[in-house]
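These notes concern the structure reproduced below.
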Amino acid sequence: MRTHRRAGVVVLAAALLTTPLASCGGDDEAAGEGFTVGLLLPSRAVPRWEHADRPLIEAKVRKLCPGCRVEYANAENDVSRQRQQMISMVTKGAKVLILDAADTRAVRSSIQEARRAGVPVIAYDRLAEGPITGYVGFDGLQVGRLQGKALLKAMGRHAGKGNVVMMNGDPTSPNAASYRKGAMSELAGQVRIARSYNTLDWSTQNAHTNMSAAIAALGPDRIDGVLAANDNIAAGAIAALKSAGVTAFPPVTGQDADLDAVRRIVKGEQYMTVYKPFEKEAAAVAAMAVAVGRGDDPRDSATTTTDSPTDKRIPSVLLQPSAVTARDIGRTLVKGGLYTTGQICPPELRAACDRADLTGGPGR
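If you want the working numbering, it's the position in the sequence shown, counting the first as 1, plus 5.
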């Protein structure tokens, strides 16, 4: 993926091309009080999609366009299902689609057909291939760099000779490649990558299986760090370490600031996560979708451009992530309004939360 800063399937084709009036509508409708925005998310495996992104996007669309409605669908990690969902939304008259692709390559033809039917597609969080109208996401390379840098710091004296297990994301996501590339820009030559795995579907269970294999191959005491691409993967890795009898955990990275991950950080099981402010991402994609649905130029909503494998200079908004360790939870996640201390600190974690300076106890 390259960015540029600037100033300031057959069934699908048949379904879309036989419904031009329903899908396209007229200019008066787009400029009127409301229209339908299609929202397609990839799975329920990652908690943030249902718990954060969906409600945030829906609320922001309603605020910007009170007469608009959001048609929602979740692909459950099934590309064929997502294609059918796109057909359904276009057929029902959606004016614009927000798409977080279950497989960014496999939906290319679907995006092409949506475009032919007059329905623009805005890629969300994952840069889909094909003629997308805009893209809103985070800088994936920076996510990886934050993870790699934090892991080196946590490894301390083990850095240089330490064994690191790379727990990468799902290879069907271009984000996974960006995360790994960013992490390796920090880790290359600094540690020994003892094992490396791809995690299909970003699944906790698949991560557990991969980490168990690493432990069997290396031994639980010869793993000095775990580069886990997100919090789901971190959960699987930590569960495998527990199953192997490990009590002094090596540093484990993560991403998404899931509530369970934040609690693991407080407990000292996970070292860090990467927080991506979903409310800003949701607000940006909602604003672009409403503008495009009204017929405005997506470049007016963009702050930069991005190159995909198929298209150049896609109007984009790329937001910056931040690293979160135990010491950062209060000022980043609590003060930022993502969680309350009550959510993070159930009674069984009060002592740990005190140590992390979260509850006003002895640790303050």
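Using N, Cα and C, we set each Cβ at its ideal position, and we do this for glycine too.
Rounding to the nearest angstrom, what Cα-Cα distance links residue i and residue j in this structure?
i       : j       : result
Thr-109 : Arg-304 : 22 Å
Met-172 : Ser-183 : 14 Å
Thr-204 : Arg-67  : 36 Å
Ala-222 : Ala-239 : 19 Å
Ala-361 : His-56  : 25 Å
Ala-36  : Ser-115 : With a pLDDT of 45 at Ala-36, under the threshold of 50, the modelled position of that residue is not reliable, and the figure given next carries that caveat. Roughly 26 Å between the two C-alpha positions.
Ala-356 : Gln-87  : 45 Å
Pro-352 : Gly-273 : 16 Å
Gln-152 : Lys-247 : 22 Å
Thr-311 : Asp-83  : 26 Å
Gly-149 : Ile-270 : 18 Å
Leu-61  : Glu-284 : 6 Å
Ala-99  : Phe-40  : 7 Å
Ala-212 : Glu-38  : 47 Å
Ala-218 : Asp-229 : 16 Å
Arg-162 : Asp-58  : 39 Å
Glu-191 : Leu-157 : 8 Å
Lys-317 : Val-141 : 15 Å
Lys-97  : Thr-252 : 54 Å
Leu-69  : Thr-278 : 32 Å
Ser-85  : Met-94  : 14 Å
Asp-301 : Met-91  : 22 Å
Glu-34  : Gly-298 : Low confidence applies to Glu-34: its pLDDT is 44, below 50, so where it sits in the model is not reliable enough to give any reading.
Thr-309 : Gly-250 : 48 Å
Gln-89  : Ser-321 : 26 Å
Ser-178 : Ala-188 : 16 Å
Lys-166 : Pro-225 : 16 Å
Arg-332 : Ala-193 : 27 Å
Along the chain, where does the alpha helix (DSSP H) that runs through residue i open and close?
i       : result
Glu-353 : Where Glu-353 is concerned, there is no enclosing alpha helix (DSSP H), given that its DSSP letter is neither H nor E.
Tyr-184 : 179–192
Leu-146 : 145–160
Val-66  : 59–69
Thr-364 : That residue, Thr-364, is in no alpha helix (DSSP H); it is neither H nor E in DSSP.
Ile-220 : 209–223
Ile-127 : No alpha helix (DSSP H) contains Ile-127, which is instead part of the beta strand (DSSP E) from 126–129.
Thr-2   : In the structure as shown, the chain begins at 6 and stops at 369. Residue 2 is therefore absent and cannot be evaluated.
At what residues does the beta strand (DSSP E) containing residue i begin and finish?
i       : result
Leu-45  : 41–46
Leu-324 : 319–324
Ser-201 : 197–203
Leu-232 : 230–233
Ser-306 : No beta strand (DSSP E) holds Ser-306; DSSP gives it neither H nor E.
Ile-334 : Here Ile-334 belongs to no beta strand (DSSP E), and DSSP marks it neither H nor E.
Val-169 : 168–173
Once the 5 residues before and after residue i are set aside, which same chain residues still bring their CB inside 6 Å of it?
i       : result
Ala-106 : Val-112, Arg-131, Ala-133
Cys-29  : Below a pLDDT of 50, predicted positions are generally treated as unreliable, and Cys-29, at 39, falls in that range; no measurement from the model is reported.
Thr-209 : Asn-237, Ala-240, Gly-241
Asn-215 : Tyr-202
Ala-288 : Lys-65
Sorted by chain position, which residues of the same chain lie with C-beta nearer than 7 Å to residue i's C-beta, five sequence neighbours on each side aside?
i       : result
Ala-181 : Asn-173, Gly-174, Asp-175, Ala-234
Arg-227 : Asn-168
Leu-26  : With a pLDDT of 35 at Leu-26, under the threshold of 50, the predicted position of this residue should be treated as unreliable, and no value is reported.
Lys-186 : Leu-146, Gly-149
Trp-207 : Ala-50, Val-51, Gly-174, Asp-175, Asn-235, Asn-237, Ile-238
Ala-245 : His-213, Met-216, Ser-217, Ile-220
Val-257 : Val-231, Ala-233, Ala-239, Ala-242, Ile-243, Gln-275, Tyr-276
Glu-63  : Val-75
Consider the C-beta atom of residue i and the heavy atoms of the ligand FAD; say whether any pair is separated by less than 7 Å.
i      : result
Ala-64 : Within the structure as shown, the ligand FAD is missing, as the structure has no ligands at all.
Below 8 Å between beta carbons: does that hold for residue i and residue j?
i       : j       : result
Pro-282 : Leu-324 : yes
Asp-261 : Arg-120 : no
Gln-275 : Ile-243 : yes
Thr-330 : Thr-346 : no
Ile-103 : Val-51  : no
Gln-195 : Ala-164 : yes
Ala-155 : Ala-296 : no
Leu-343 : Arg-268 : no
Ser-306 : Met-293 : yes
Val-290 : Pro-255 : no
Glu-76  : Leu-46  : no
Ile-127 : Gly-145 : no
Pro-125 : Val-101 : yes
Val-170 : Arg-197 : no
Ala-78  : Ser-48  : no
Which same chain residues end up closer than 8 Å to residue i when comparing Cβ atoms and leaving out the 5 residues on each side of it in sequence?
i       : result
Phe-143 : Asp-130, Lys-281, Glu-286, Leu-323, Leu-324, Gln-325, Pro-326
Ile-349 : Leu-264, Val-267, Arg-268, Val-271, Ile-334, Leu-338, Val-339, Cys-358, Leu-363
Gly-315 : The amino acid at residue 315 is misidentified as Gly; the sequence shows Thr. Excluding positions up to five away in sequence, the list reads Arg-113, Glu-134, Gly-135, Pro-136.
Cys-73  : Gly-39, Phe-40, Thr-41, Val-42, Val-66, Arg-67, Val-295, Gly-298
query = Residue ranges of each alpha helix (DSSP H) run of no fewer than 4 residues wholly in the region 239–295, ordered along the chain?
reply = Within the region 239–295, complete alpha helix (DSSP H) segments of at least 4 residues are found at 264–272, given in chain order.
ask   = What residue ranges within the region 73–113 form continuous beta strand (DSSP E) runs of no fewer than 3 residues, ordered along the chain?
value = 74–79, 101–104
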